[in-house]
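Following: one structure in C-alpha cells, then a few remarks.
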Amino acid sequence: MAADLQHIVNSDVRSAENKARDQYRHPVETLQFFGLQPTMHVLEIWPAKGWYTEILAPYLKEQGHLTIARNRQNDGNLEDPKKIHWARLADKLDQTIVKNPSHFGVVESLEFDPPAMLYLGGINRYDMIISCRNSHVWNEQGFLLDVYRSFFDALKPGGILAMEEHRSSTLSSIASRAGEGYLDEYYVISVAKEAGFELVSRSEINANPKDTKDYPRGVYALPPTLAMGDQDKAKYLAIGESDRMTLKFRKPIKDPQ
235 MAADLQHIVN
245 SDVRSAENKA
255 RDQYRHPVET
265 LQFFGLQPTM
275 HVLEIWPAKG
285 WYTEILAPYL
295 KEQGHLTIAR
305 NRQNDGNLED
315 PKKIHWARLA
325 DKLDQTIVKN
335 PSHFGVVESL
345 EFDPPAMLYL
355 GGINRYDMII
365 SCRNSHVWNE
375 QGFLLDVYRS
385 FFDALKPGGI
395 LAMEEHRSST
405 LSSIASRAGE
415 GYLDEYYVIS
425 VAKEAGFELV
435 SRSEINANPK
445 DTKDYPRGVY
455 ALPPTLAMGD
465 QDKAKYLAIG
475 ESDRMTLKFR
485 KPIKDPQ
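Converting from the sequence shown to the numbering used here requires adding 234 to each position, the first position being numbered 1.
Take a look at the structure:
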C-alpha cells in the first residue's frame, strides 16, 4: 500500500502547490493510519480543490471506487458568499476530474449541503468516509451531530470514519472554538460517539506544536489561507499549517440476533 500511495503522491499529475503541502499533511502516513485499502468504496466529504482527491482517485480506480460529496451547486439561489465560493471550487474540481480520466478514473459525485442536503447516496454503502478540516464549519452552524449521524448511516457496519481537524488548546467534551476554525478534540470525539461511532485510534501525525492558536483570524491566519495578507506573513509561514487531530472511528458491527 505505502509504495503505491507514495508513487501517486510523487506523480507529476499533482500540482506543485499541492505537493508543497505534503510536509504538513503527511498524506501517505495519514491514509495508512486510517487503514485505506485499494478495494474500498470511499466517500470523500467536501474535497474543495481536491488535495486528497488527486491521491485517492488513482489509488482506488482499479479495484475500488471513489465518491465525492461536493458542495452544493450554485443554481442562482445561493446567497452566502462562502457557499458561492465553495460551489465554484467544487465545479472546478469536477472539471479537472473529467479532463484527466487517465489519472482520476471514474469518480462519482453527489451534493452535500447540511442541513438541507444530508443524504449521502445510500445506507450502509461505504467502507470509509474521509472528512478533513470540515467539522468546524458544521459545528459553527449548529448541526455537527446531524452530519455525523448522516455519516454513520452511510457507512457499512464496521466502516471507518477517517477525520482530520484543526485542534484547539482546550480539553473539554463540550468546548469548541469553531469561530476561529479550531475544535476541541474531546468535543469532536464526544459528538462522534453520540452519533453512534466508537473511537478506534488517535494519531499525532498532523500535530504542530508551533501552532499557538491565538491569531487575529484564528486558523485562517496560517497557510494555506494566510488571511492576514502580508501582515506577519513570515511569522505564519514559519509556523506552517495548523495543529490537527487525526482520528479513526468505526461504525460498530451489530451482534447477530
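C-beta: ideal position from N, C-alpha, C; glycine also.
- Around lysine 482, the same chain offers Phe267, Phe268, Gly269, Ile394, Leu395, Ala396, Met397, Leu433, Val434, Ser435, Arg436, Ser437 as residues with beta carbons nearer than 8 angstroms, after the five sequence neighbours per side are excluded.
- Per DSSP, tyrosine 449 lies in no alpha helix (DSSP H) segment and is marked neither H nor E.
- Bounds of the alpha helix (DSSP H) holding phenylalanine 385 are 378–388.
- Per DSSP, the continuous alpha helix (DSSP H) segment holding arginine 322 begins and ends at 315–333.
- Contact between the stretch 307–322 and the stretch 417–427 is absent: fewer than three C-beta pairs spanning the two stretches fall below 8 angstroms.
- By the criterion of at least three beta-carbon pairs nearer than 8 angstroms, the stretch 351–368 is not in contact with the stretch 313–321.
- In this structure, the alpha-carbon of phenylalanine 338 lies about 5 angstroms from that of proline 292.
- Cβ-Cβ distances below 8 angstroms link aspartate 328 to Arg304, Ser343 in the same chain, with the five nearest sequence neighbours on each side left out; the list follows chain order.
- Contact check for leucine 239 against valine 262 passes: the beta carbons are separated by less than 8 angstroms.
- C-alpha of leucine 378 to C-alpha of glutamate 414: approximately 16 angstroms in a straight line.
- Under the three-state reduction of DSSP output, phenylalanine 483 falls in the strand class.
- With respect to the 8 angstroms criterion, threonine 480 and asparagine 440 are classified as neighbours on the basis of their beta carbons.
- Contact between the stretch 421–431 and the stretch 372–386 is present: 3 or more CB-CB pairs across the two stretches fall below 8 angstroms.
- Under the three-state reduction of DSSP output, alanine 426 falls in the helix class.
- For tyrosine 360, the enclosing beta strand (DSSP E) starts and ends at 360–366.
- In the same chain as alanine 388, and ignoring 5 residues on each side of it, the C-beta atoms closer than 8 angstroms to its own belong to Leu277, Leu354, Gly355, Gly356, Ile357, Asn358, Arg359, Tyr360, Ile363, in chain order.
- Proline 458 has its alpha-carbon roughly 15 angstroms from the corresponding atom of tyrosine 286.
- The alpha-carbon of phenylalanine 386 is positioned some 31 angstroms away from that of arginine 248.
- When secondary structure is reduced to three states using DSSP, isoleucine 302 falls in the strand class.
- Exposed is the label assigned to serine 403, since fewer than 16 other Cβ atoms lie within 10 Å of its Cβ.
- CA-to-CA, the gap between threonine 301 and isoleucine 487 works out to about 23 angstroms.
- With a cutoff of 8 angstroms on beta-carbon distance, tryptophan 372 and proline 335 are scored as not near each other.
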